[in-house]
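Working notes, structure below.
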Amino acid sequence: MSSNGEPPTSQAFTPFWIAGPGSPSAPVVGNPVANPVPSSDLGTLGPAGVASTVQPTMSQDITTMANAVPHDDFTNGLPEAQPPPPQPQQPGPPDPQPLVEAPQSEPTLEAPQVQPTPTEVSVDGNPPACSSGAPTKFFHTNVEDEEENIMDKKKKCKVQRRRLSPSHREMIIDLVFNEKKTSREVARYMGLPQSTVMSVVQVFKKEHRIHKKTATGRKRRLTTAQEFHLFEMSQERDNISVDEIRTRFLQSFPEFGHISKTTIYRTLERGKKGLIGMDPPPERYLEPIERYWGPKKRGKARTGTGPESTNHSLLEPNVSIMEETGPIETTSDKDISRQRRSLSIAEREMIISLFFNENRTIREVADFMHLAKSTVSSVVQVFKKEHRIQRKTSTGRKKKLSDDHEQMIMDILSQKEDITIEETRNRFLSLNPEVPNISKSTIYRIMENCQSKLRARSDMEVFVGTFVHSTEESPMVILTDMVMGVLNTKIEFMESLEELDHLKAEYGFTDSNIHYMTPSQFMMPGMIDTHIHASQFPNNGVAMDLPLLEWLQTYTFPTEANFSDTLFAREVYSKVVERLLRNGTTTAAYFGTIHLEGSKILADVVHDKGQRALIGKVNMMRNCPEYYRELSVQESIRDTEEFIRYIRSIQSPLVQPIVTPRFAPTCPEDQLASLGQLANKYGCHIQSHLCETQPECNWVKELFPWAKSYTDVYDSMRLLSEKSVMAHCIWLADEEIYTLRERGVGIAHCPNSNISIRSGLCDIRRLLNHGLKVGLGTDCSGGYSSSVLDALRQALQVSNVLALERDQDYQRLTFKEAFRMATLGGAKVLNMEDRIGNFEIDKEFDALLIDVSAPGSAVDIFSKDTIEDKIQKFLYTGDDRNIARVYVAGHRILDLHNKNLH
Ligand code: GUN
Ligand code: FE
Numbered sequence: 001m002s003s004n005g006e007p008p009t010s011q012a013f014t015p016f017w018i019a020g021p022g023s024p025s026a027p028v029v030g031n032p033v034a035n036p037v038p039s040s041d042l043g044t045l046g047p048a049g050v051a052s053t054v055q056p057t058m059s060q061d062i063t064t065m066a067n068a069v070p071h072d073d074f075t076n077g078l079p080e081a082q083p084p085p086p087q088p089q090q091p092g093p094p095d096p097q098p099l100v101e102a103p104q105s106e107p108t109l110e111a112p113q114v115q116p117t118p119t120e121v122s123v124d125g126n127p128p129a130c131s132s133g134a135p136t137k138f139f140h141t142n143v144e145d146e147e148e149n150i151m152d153k154k155k156k157c158k159v160q161r162r163r164l165s166p167s168h169r170e171m172i173i174d175l176v177f178n179e180k181k182t183s184r185e186v187a188r189y190m191g192l193p194q195s196t197v198m199s200v201v202q203v204f205k206k207e208h209r210i211h212k213k214t215a216t217g218r219k220r221r222l223t224t225a226q227e228f229h230l231f232e233m234s235q236e237r238d239n240i241s242v243d244e245i246r247t248r249f250l251q252s253f254p255e256f257g258h259i260s261k262t263t264i265y266r267t268l269e270r271g272k273k274g275l276i277g278m279d280p281p282p283e284r285y286l287e288p289i290e291r292y293w294g295p296k297k298r299g300k301a302r303t304g305t306g307p308e309s310t311n312h313s314l315l316e317p318n319v320s321i322m323e324e325t326g327p328i329e330t331t332s333d334k335d336i337s338r339q340r341r342s343l344s345i346a347e348r349e350m351i352i353s354l355f356f357n358e359n360r361t362i363r364e365v366a367d368f369m370h371l372a373k374s375t376v377s378s379v380v381q382v383f384k385k386e387h388r389i390q391r392k393t394s395t396g397r398k399k400k401l402s403d404d405h406e407q408m409i410m411d412i413l414s415q416k417e418d419i420t421i422e423e424t425r426n427r428f429l430s431l432n433p434e435v436p437n438i439s440k441s442t443i444y445r446i447m448e449n450c451q452s453k454l455r456a457r458s459d460m461e462v463f464v465g466t467f468v469h470s471t472e473e474s475p476m477v478i479l480t481d482m483v484m485g486v487l488n489t490k491i492e493f494m495e496s497l498e499e500l501d502h503l504k505a506e507y508g509f510t511d512s513n514i515h516y517m518t519p520s521q522f523m524m525p526g527m528i529d530t531h532i533h534a535s536q537f538p539n540n541g542v543a544m545d546l547p548l549l550e551w552l553q554t555y556t557f558p559t560e561a562n563f564s565d566t567l568f569a570r571e572v573y574s575k576v577v578e579r580l581l582r583n584g585t586t587t588a589a590y591f592g593t594i595h596l597e598g599s600k601i602l603a604d605v606v607h608d609k610g611q612r613a614l615i616g617k618v619n620m621m622r623n624c625p626e627y628y629r630e631l632s633v634q635e636s637i638r639d640t641e642e643f644i645r646y647i648r649s650i651q652s653p654l655v656q657p658i659v660t661p662r663f664a665p666t667c668p669e670d671q672l673a674s675l676g677q678l679a680n681k682y683g684c685h686i687q688s689h690l691c692e693t694q695p696e697c698n699w700v701k702e703l704f705p706w707a708k709s710y711t712d713v714y715d716s717m718r719l720l721s722e723k724s725v726m727a728h729c730i731w732l733a734d735e736e737i738y739t740l741r742e743r744g745v746g747i748a749h750c751p752n753s754n755i756s757i758r759s760g761l762c763d764i765r766r767l768l769n770h771g772l773k774v775g776l777g778t779d780c781s782g783g784y785s786s787s788v789l790d791a792l793r794q795a796l797q798v799s800n801v802l803a804l805e806r807d808q809d810y811q812r813l814t815f816k817e818a819f820r821m822a823t824l825g826g827a828k829v830l831n832m833e834d835r836i837g838n839f840e841i842d843k844e845f846d847a848l849l850i851d852v853s854a855p856g857s858a859v860d861i862f863s864k865d866t867i868e869d870k871i872q873k874f875l876y877t878g879d880d881r882n883i884a885r886v887y888v889a890g891h892r893i894l895d896l897h898n899k900n901l902h
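Residue 1 is where the sequence shown starts when you use the UniProt record's numbering, and the numbers rise one by one after that.
Printed below as a string of structure tokens:
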């Protein structure tokens, strides 16, 4: 790029990486823009184009391109010569049978999960009794209290736990879970300290993920009876304290050991909502159930005691579910089938709900509903088959086991070094009587993975200090003296520091698991870039002298064209992802280029570096240079479909595809319609640009004369949904805002780009007032910075400038609101707010450890600064030097003190 910002002159195009650093044509900053393609290659729109000539010249470009694009409706050239389509070409109704079979793992994303191992473990962690042969008579039923101080013995306990033989450990587990003995009884019986027994039990619970999810996504560790007891206590008096509830609870259930305030609060919340003992299925589960059995009878109490019933009588039977286990019926296949068929819809629905949402075992459901176990199992199997709950493995073979069953086999394998396959199989089948059989090859396969998976298990990480995040109600909540626990990928608890000892006892972590933040540190959610062109990173900080349409033709398309070179793609994409992570961007919605291979590389790089992202292969086939365009709708859709399938084959929980029509002017109707269809077929996110500049908006009117508005173009092509992200949206009419709101579309506000290429100042207050979801985007390289912190500041500046133009009561954005847009707002825009965006319990732990006094920091802190001052100073004057650690899904992927984490 010419450093004076002048448009480049026409010269032979030699990419700088070919020219080499010593070459005379090698630009100073290594930017391909410095060597633009000959202007003839740019179509008729040259860098000298001025705003008033943009449309005619661009229209001529359509003529130039027409012959190369047989699918283009605009083959006649100038807009006025086009046959105006009376109606947009509406895509047909969603294809019930995908043209190409979608990967089977997809439908299960939204489907109820087959609940965790061991299947026979009930909600409180106790499996129903099974004959373990443990000698019950040896138990002291009336043991006096042991005087052991469990806390003091914690350290010893870990050592002791390690010294126990596998058979001892197995015996402890058997006695506690199968024989339902208390840890005290087991300790007595086996001559071990109670703390050792408890520790083995805790580890077992953790490993078997016994803390299961309830339907509301929260973890539940209590039996229904215990929950009910807690709730009843809370109803006794208005002013009863949680501490009192806890004390009395532990008196009633001394074997429970410890209970945290979070658990009590959660239970009381559930009680207030009338959910104790009857978790209703979450919304997303209703749909498959409806498809299977027809519409639910909403708003009407069910016959009997279905899980959605408001009838508390379910509490009683549920308690008995937990405590009794009847004999296993043996029923002939014919009988099962008959029984299954004679079940009412409501009964089947209830079975599914109890099994999938309440996490009851087959046996529990059968007992509760007075049905044969085999009947229940058969209903569950049919449901699983219908919903393809059996997922494909990465090798494409059907996976016969749920993840939890697989985990259970791994645990069995790891308990005894010389265990045989046969022994493993028998043990697994005895723990899971509802599983008919399991092949040796399946066990071998799991065994192969066992070692690496075992290593991948992470213990709890605990943070103590200050946390700042946003909620629906408040743009900034500052929590001081808190303790947060992260287990695997998710936030397990967030409590007052006073609870630390209880939490240690409950979860079994020690000081070595804890990071104590210093007074200059705090933790905030990872930032979310809702709109960034990874492929424009080479142009970051250059080439901003032209307005959008000329800028695209002159700088952007030539740069993006270089990504046909996969080596270059890897070079750039590695740098941009690293830069973003350093800047604290834990999630990004990326634009790649039109190139399939290059875009796959972007997905690989993101996956390797552990970032969370939506990745788009760009679609465009007109009004762009011949050397940089897709050649037909077929090619465009074929490549995009392959791209989607490729990303899904990675099976990363963090990386997903996003369908990416560049913007309406570069995509003819049939392409837009096909992309809409493709996105719907795969349930993908969608991203594009909308109403960025006025010349662009006018141009869209000419290109799509039938459309009510620019927004209507996308809407007519089924490109607008709650999974759609539209960048800029500066020039929206009110009707367009209503449409976007109705469809649940998210807005990527890119304030740096607003100013840098002078597209206009987006009035975010207006969009927020209309209830739109708004996040921040860097729009690199339309914006010159790849940092969301920069976007946050620029958003405030844009708002300030708008306030100068408007009347006095114009509500400027506050820094707290900008902070929310950078985190929770972004999560909402990407339709990921159920997983990320803030520090709610059970969300994925995507977070930044900020240190305002980090070495070399540009933030100046003084003794009188409050914590809010420190946070605000970081937001306004901080940078990557202050981002000490970056976590994505619980993994520390960047640490300033340990530079080799990648
Ligand atoms: N509109 C279409 N393509 C682009 C792009 O690459 N950047 C921006 N800012 N706007 C666009
Ligand atoms: Fe953009």
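Think of the CB as a built atom: it goes at the ideal place given N, C-alpha and C, for glycine as much as any other residue.
In this structure, residue 599 sits near residue 617, with a CB-CB distance shorter than 8 Å. With contacts defined as CB atoms closer than 8 Å, residue 772 and residue 804 fail to qualify as a contacting pair. In the structure shown, residue 542 adopts coil according to DSSP, grouped into three states.
Separation of residue 559 and residue 695 (C-alpha to C-alpha, rounded to the nearest whole angstrom) is 23 Å. For residue 556, the shortest separation between its Cβ and any heavy atom of the ligand GUN lies below 7 Å.
Contact between residue 871 and residue 262 is ruled out by a C-beta separation of about 24 Å, above the 8 Å threshold.
Rounded to the nearest angstrom, the Cβ distance from residue 764 to residue 795 is 7 Å, consistent with a contact under 8 Å.
Membership of residue 649 in the alpha helix (DSSP H) is indicated by the continuous run 633–650.
A straight line joining the alpha-carbon of residue 568 with that of residue 602 spans about 11 Å.
Taking the Cβ of residue 405 as the reference point, every heavy atom of the ligand GUN lies at 7 Å or farther away.
The Cβ neighbour count for residue 528, taken over all protein chains shown within 10 Å, is at least 16; the residue is labelled buried. When the beta-carbon positions are compared, residue 728 and residue 750 come within less than 8 Å of each other. Residue 727 has its Cβ nearer than 7 Å to a heavy atom of the ligand FE.
In this structure, residue 640 lies near residue 675, with their beta-carbon atoms less than 8 Å apart. 8 Å or more divides the Cβ of residue 507 from the Cβ of residue 534. Beyond the five residues adjoining it in sequence on each side, residue 655 comes within less than 7 Å, by CB distance, of 603, 606, 607, 613, 615 and 647 in the same chain, given in chain order. The beta carbon of residue 497 lies closer than 7 Å to those of 464, 481, 482 and 483 in the same chain, with the five residues before and after it left out. Distance from the C-beta of residue 782 to the nearest heavy atom of the ligand FE is below 7 Å. Relative to the ligand GUN, the beta carbon of residue 548 is positioned inside 7 Å of a heavy atom.
For residue 425, the secondary structure class from DSSP, reduced to helix, strand or coil, is helix. A Cβ-Cβ contact shorter than 8 Å links residue 520 with residue 861. For residue 579, the enclosing alpha helix (DSSP H) stretches over residues 566–582. In the three-state scheme derived from DSSP, where H, G and I count as helix and E and B as strand, residue 498 is classed as helix. Within 7 Å of the C-beta of residue 675 there is not a single heavy atom belonging to the ligand GUN. As the crow flies, the alpha-carbon of residue 410 is around 38 Å from that of residue 826. In this structure, residue 201 and residue 176 form a Cβ contact; the two beta carbons are roughly 5 Å apart against a cut-off of 8 Å.
Under the three-state reduction of DSSP, residue 704 is assigned to coil, being neither helix nor strand.
Taking 8 Å as the cut-off, the beta carbon of residue 489 is found closer than this to the beta carbon of residue 889. For the options 630, 864 and 881, the alpha carbon positioned closest to that of residue 858 is the one of 881. Per DSSP, reduced to three states, the secondary structure at residue 728 is strand.
Beyond the five residues adjoining it in sequence on each side, residue 714 comes within less than 6 Å, by CB distance, of 720 in the same chain, given in chain order.
In the three-state DSSP reduction, residue 688 falls in the strand class (E or B).
At least one heavy atom of the ligand FE lies less than 7 Å from the C-beta of residue 533. The beta carbon of residue 650 is closer than 6 Å to those of 607 in its chain, skipping five residues each way along the sequence.
Here residue 597 has 566 as same chain residues with Cβ atoms under 7 Å from its own Cβ, once five neighbours each way along the sequence are excluded. Beta-bridge partners of residue 613 (DSSP): 588 and 655.
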